[in-house]
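Below is one structure; the comments refer to it alone.
Residue numbers (the working numbering), protein chains in the order written: chain A, 1 to 461; chain B, 462 to 922.
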């Protein structure tokens, strides 16, 4: 094959018509994901409709040494789906069926392009719940969730994507189709391939089917918003809650700057405008009195005046509270279109130290930041805003800025990223978190799955 | 090195005295684990006391191409710790410290030789719980639990070992020491190495430190025993319970034969001696009334006469109920010392079909069996007894017997083993469950970790 024109023709011949295109107007939409300030044009787009399509594309591209970039809904924020070296973008968006909700075994069988919210809704219709809830759940796909091990606020109580994947069907670089696991929780038959595939950012295999564990949907869910003078005081209450045997579904924190931005974006006043920090806590369960007891315990532990606690009981009230939390990122995008979005993780006892140290550092650089995230699991979202800084100065300063953020998280026993992955934009920093021996091991594992290195090249390493 | 005598001397020189021995009387105890009818003498025993010891042994053995068999407490039942090809048994039994119970972050940091029960007790003393509860929890070590991804009855609600490992320190075949994860739940920094190491049966690396997630210990725990005319009726109640949003901590079933054997072994009468099957259900929670409601719902769903339900409230009553369940294996060992212990898994909706089909098959072979296990998660323990059969006929029949059992589990959407692993005794059957492409992939992964193949050779593959 000498040109991408020939390759397009060959792929079109292998798959049924309409699944392969090199039309630059269509390709444009596949040049980026939701990563700030990053794009690269693919050479060819394949929209697979079946595992057989995926198999054929992989076998062909492996034979000819062509890069393949698997793509879900393109909602990633570290450039995982961006074809930084060109090649074939393999979109799974049309493989979006929810094949089965099996009530008796409490599992869902889905295709990778299924939207996470649609899976949640389908489960809910059967009295079941799929707990992981990344902020982008209305638009992200479950295949992307698997590729990134997506989490979300509910991880405190319910864990991340990893805790719900019981089985996978996937295609290796050479086109072999492998299934692992199934509709059962326990499995000790050979190595746990799901364990290494989840979070591998499309570099090891293309997932074509997913068996998900579901849980009974809780009958009662309440959300409460609590104001605190400062983040330190809010976090002390978080430790108290968990040590008092209350495990809320979510414990989100938002610092003052995040609240102000959300208010400006939504053009409405926020409750408790003078607070230094808010906690947004969700409690759920099947026994109403037990849930009330938890709410009561949280109120007491927070030492708050009962008038300064908002409890949402209706879906509308709940939506209002969560809308503010979920619109922080959109507010940043609108008012500060160039920004750095980090999602470091530290042991949750170190969150206040991490944040105050980081704030001090950012102030010395005259940089404004917005911090919010998951107090219960130590995952801190840090959005640093370019603001009025010159673009060139900003770009030149980014490497040092990232390094200083990651270094601080690692020094406190944490690591670079909790949910978003390494992708393209963080790969130069992997050696801050992982030893040379570990990176060499990861590369050998990559080679075991993809000897020619055609799958999502230029990512992670 | 020409002889194991020289090797012993060289290893003794590398480690401090007393850690290395080739004394055959001592070695005897390391020739077997709890696998029926299997033993093989090691050439050398090293009892490591630190990660540095492990590092030195691995580097030396890798250089000289010597087999290393990592060993925890030796409670495995598939020959995972048996040195079938001789070599160096590397015992972690002395690395048994519980380094830290960190209340604020709710984690335990432990060495691999720590006994699972001791970790549970240490957690409980801080108001926390380590949920996985393999039947051997009084004697098995956490390192072995990690190697096998041990489960136990509580997996229905709480999952298996995998769901609690947040971080690992491990030593590769070449002596590199790698740490992965830490005191945090979310991590998207490079591939999830814990994911593939857990359940790898000592073939990929030697784990030297483990960071475990703990959960708040529930305040209320009740156990109930329910009789049913048959397993099918018992299982229908299990589905009803789970679909009614009650998620007990355990749902164990015992068929009549298992109950009779336990009664004989314990020399006491069992309740409901005429029942075809028992369910042993544990319900826990922090709100007494919510737990009572669950008990009540289970009682109603079982359609049982309230007089035929036993509810244990005191630790003594609870111990009495569980003693029967936990002594089934010991009873079998005592009365039928030669037996085949399988632990297939099927989707839980297929348990009755799987068991009745298997019973029919075993009857045609004049073989008696005892079945019990985890109704909530589809993991069925099948112990087939040699009984009066001639030893030679028994041994000759084993391959076909195993194949028939595994084939049935796989045909129903299940797999060979849920908890015990492949180890040595099942490796010839791996290709029943996994495709040739998958086995080739597993072998490439093995090579990525252990290029010379010195770690636990002859296992899994």
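Even for Gly, the Cβ is constructed at its ideal location relative to N, Cα and C.
Check your understanding: Just checking, does the segment 701-718 of chain B make contact with the segment 212-227 of chain A on the three C-beta pairs under 8 Å criterion?
Key -> yes
Exercise for review: Starting from the Cα of residue 168 of chain A, find the closest Cα among A:127, A:120, A:397 and A:108 and give me that residue.
Suggested key: In the first chain, residue 168 of chain A corresponds to position 168, counting from 1. Selected option, being the one with the closest Cα: A:108.
Exercise for review: Give a yes or no on whether 8 Å exceeds the smallest Cβ distance from residue 89 of chain A to chain B.
Suggested key: The count along the first chain starts at 1 and reaches residue 89 of chain A at position 89. No, no contact with chain B.
Check your understanding: Looking at the structure shown, is residue 410 of chain A part of a helix, part of a strand, or coil, going by DSSP?
Key -> Taking the first chain and counting its residues from 1, the one referred to as residue 410 of chain A is at position 410. Helix.
Review point. Just curious, the beta strand (DSSP E) that residue 688 of chain B is in, first and last residue?
Key: Within the second chain, the letter at position 227 stands for residue 688 of chain B. Boundaries of the beta strand (DSSP E) around residue 688 of chain B: 681-689.
Exercise for review: Measure from the alpha carbon of residue 603 of chain B to the alpha carbon of each residue in B:556, B:656 and B:644, then state which is nearest.
Suggested key: Residue 603 of chain B sits at position 142 when you count from the first residue of the second chain. Nearest in C-alpha terms to residue 603 of chain B, of all of B:556, B:656 and B:644, is B:556.
Exercise for review: Could you tell me whether the segment 884-891 of chain B touches the segment 805-822 of chain B, where touching means 3 or more Cβ pairs closer than 8 Å?
Suggested key: no
**Study point:** Closer than 8 Å to chain A by CB, residue 896 of chain B
**Key:** Counting from one through the second chain, the residue named residue 896 of chain B turns up at place 435. Chain A contact via Cβ: present.
Practice item. In the DSSP assignment, find the beta strand (DSSP E) that holds residue 745 of chain B and state where it starts and stops. Key: Walking along the second chain from the start, residue 745 of chain B turns up at place 284. Per DSSP, residue 745 of chain B belongs to the beta strand (DSSP E) from 738-746.
Check your understanding: So is residue 763 of chain B in contact with chain A if we call contact Cβ pairs under 8 Å?
Key -> Counting from one through the second chain, the residue named residue 763 of chain B turns up at place 302. It does not: the Cβ of residue 763 of chain B has no partner Cβ on chain A nearer than 8 Å.
Review point. In chain order, which continuous runs of the beta strand (DSSP E) of length 3 or greater are located wholly inside the segment 376-440 of chain A?
Key: 379-385
Check your understanding: How is residue 156 of chain A classed by DSSP in three states: helix, strand or coil?
Key -> Indexing the first chain from 1 puts residue 156 of chain A at position 156. Residue 156 of chain A: helix per DSSP, three-state reduction.
Point to revise | Residue-chain proximity (residue 745 of chain B, chain A), Cβ-Cβ < 8 Å | key: If you number the second chain from 1, residue 745 of chain B lands on position 284. Cβ-Cβ to chain A under 8 Å: no for residue 745 of chain B.
Check your understanding: Mind checking whether residue 58 of chain A and residue 206 of chain A have CB atoms under 8 Å apart?
Key -> Numbered from its first residue, the first chain carries residue 58 of chain A at position 58. Numbered from its first residue, the first chain carries residue 206 of chain A at position 206. Cβ atoms of residue 58 of chain A and residue 206 of chain A: closer than 8 Å.
Check your understanding: residue 609 of chain B touches chain A at which residues, Cβ-Cβ below 8 Å?
Key -> Here residue 609 of chain B refers to the residue found at position 148 of the second chain. Going along chain A in sequence order, the residues near residue 609 of chain B (Cβ under 8 Å) are 188.
**Study point:** chain B residues whose Cβ lies nearer than 9 Å to that of residue 251 of chain A
**Key:** Start at 1 with the first residue of the first chain, and residue 251 of chain A comes out as number 251. Using a Cβ-Cβ cut-off of 9 Å, residue 251 of chain A is close to nothing in chain B; its nearest Cβ partner there is about 12 Å away.
Check your understanding: Can at least three beta-carbon pairs, one atom from the segment 303-315 of chain A and one from the segment 770-787 of chain B, be found at a separation below 8 Å?
Key -> no
Review point. What runs of the beta strand (DSSP E), each 3 residues or longer, lie entirely inside the segment 160-216 of chain A?
Key: 165-171, 177-181 and 206-213
Point to revise | heavy atom of the ligand PLP below 7 Å from residue 29 of chain A C-beta | key: Absent from the structure shown: the ligand PLP. Ligands present: none.
Review point. Which value, in whole angstroms, describes the spacing of the CA atoms of residue 450 of chain A and residue 904 of chain B?
Key: Position 450 of the first chain, counted from the start, is the residue given in the question as residue 450 of chain A. Position 443 of the second chain, counted from the start, is the residue given in the question as residue 904 of chain B. Taking the straight line from one Cα to the other gives about 14 Å.
Check your understanding: Hey, is residue 354 of chain A's beta-carbon within less than 8 Å of any beta-carbon in chain B?
Key -> Taking the first chain and counting its residues from 1, the one referred to as residue 354 of chain A is at position 354. No - not a single Cβ of chain B is within 8 Å of the one on residue 354 of chain A.
Review point. Of the residues that make up the segment 875-887 of chain B, which ones have a beta carbon closer than 7 Å to any beta carbon in chain A?
Key: 875, 876, 877, 878, 879, 880, 881, 882 and 883
Review point. Which runs of the alpha helix (DSSP H) spanning at least 4 residues fall entirely within the segment 3-56 of chain A, listed in chain order?
Key: 4-14 and 24-28
Review point. With contact counted as at least three CB pairs below 8 Å, one residue from each stretch, are the segment 467-481 of chain B and the segment 760-771 of chain B in contact?
Key: Contact fails between the segment 467-481 of chain B and the segment 760-771 of chain B, because fewer than three Cβ pairs, one in each stretch, are under 8 Å apart.
Check your understanding: By DSSP, does residue 111 of chain A sit in helix, in strand, or in coil?
Key -> On the first chain, position 111 is the one that residue 111 of chain A refers to. The DSSP-derived three-state label of residue 111 of chain A is coil.
Review point. Would you call the segment 266-286 of chain A and the segment 223-231 of chain A touching, i.e. three or more CB-CB distances under 8 Å?
Key: yes
Exercise for review: Please name the residues in the segment 699-710 of chain B whose beta-carbon is closer than 9 Å to at least one beta-carbon of chain A, in chain order.
Suggested key: 700, 703, 704, 705, 706, 707 and 708
Review point. Taking 8 Å as the CB-CB cut-off, is residue 842 of chain B touching chain A?
Key: The residue you call residue 842 of chain B lines up with position 381 of the second chain. No, because no Cβ of chain A sits closer than 8 Å to the Cβ of residue 842 of chain B.
Point to revise | Nearest to residue 880 of chain B (by Cα), restricted to the options B:621, B:558 and B:496 | key: Start at 1 with the first residue of the second chain, and residue 880 of chain B comes out as number 419. Among B:621, B:558 and B:496, the Cα nearest to that of residue 880 of chain B is on B:621.
Point to revise | Contact set for residue 120 of chain A: own chain, Cβ-Cβ below 6 Å, skip 5 residues either direction | key: The residue you call residue 120 of chain A lines up with position 120 of the first chain. Excluding sequence neighbours, residue 120 of chain A sits near 130.
Check your understanding: Taking just the CA atoms, how far does residue 514 of chain B sit from residue 783 of chain B?
Key -> Here residue 783 of chain B refers to the residue found at position 322 when the second chain is read from its first residue. Here residue 514 of chain B refers to the residue found at position 53 when the second chain is read from its first residue. Looking at the two C-alpha atoms, the distance is approximately 40 Å.
Review point. When the cut-off is 8 Å and only beta carbons count, does residue 96 of chain A lie next to chain B?
Key: Locating residue 96 of chain A in the first chain gives position 96, counting from the first residue. Residue 96 of chain A does not count as touching chain B.
Practice item. Please check if any C-beta of chain B sits within less than 8 Å of the C-beta of residue 209 of chain A. Key: The residue labelled residue 209 of chain A in the question sits at position 209 within the first chain. No, residue 209 of chain A lies away from the interface with chain B (no Cβ there is under 8 Å from its Cβ).
Check your understanding: Between the C-alpha atoms of residue 170 of chain A and residue 179 of chain A, what's the straight-line distance to the nearest angstrom?
Key -> Looking up residue 170 of chain A in the first chain gives position 170. Looking up residue 179 of chain A in the first chain gives position 179. Between residue 170 of chain A and residue 179 of chain A, the C-alpha separation is close to 6 Å.
Review point. Nearest CA to the CA of residue 623 of chain B: which residue from B:586, B:544, B:730 and B:671?
Key: On the second chain, position 162 is the one that residue 623 of chain B refers to. If we check each option's Cα against that of residue 623 of chain B, B:671 comes out closest.
**Study point:** Cβ neighbours of residue 153 of chain A in the same chain (closer than 7 Å, five flanking residues each side left out)
**Key:** As a position in the first chain, residue 153 of chain A is number 153, starting the count at 1. Here the set comprises 133, 250, 252 and 374.
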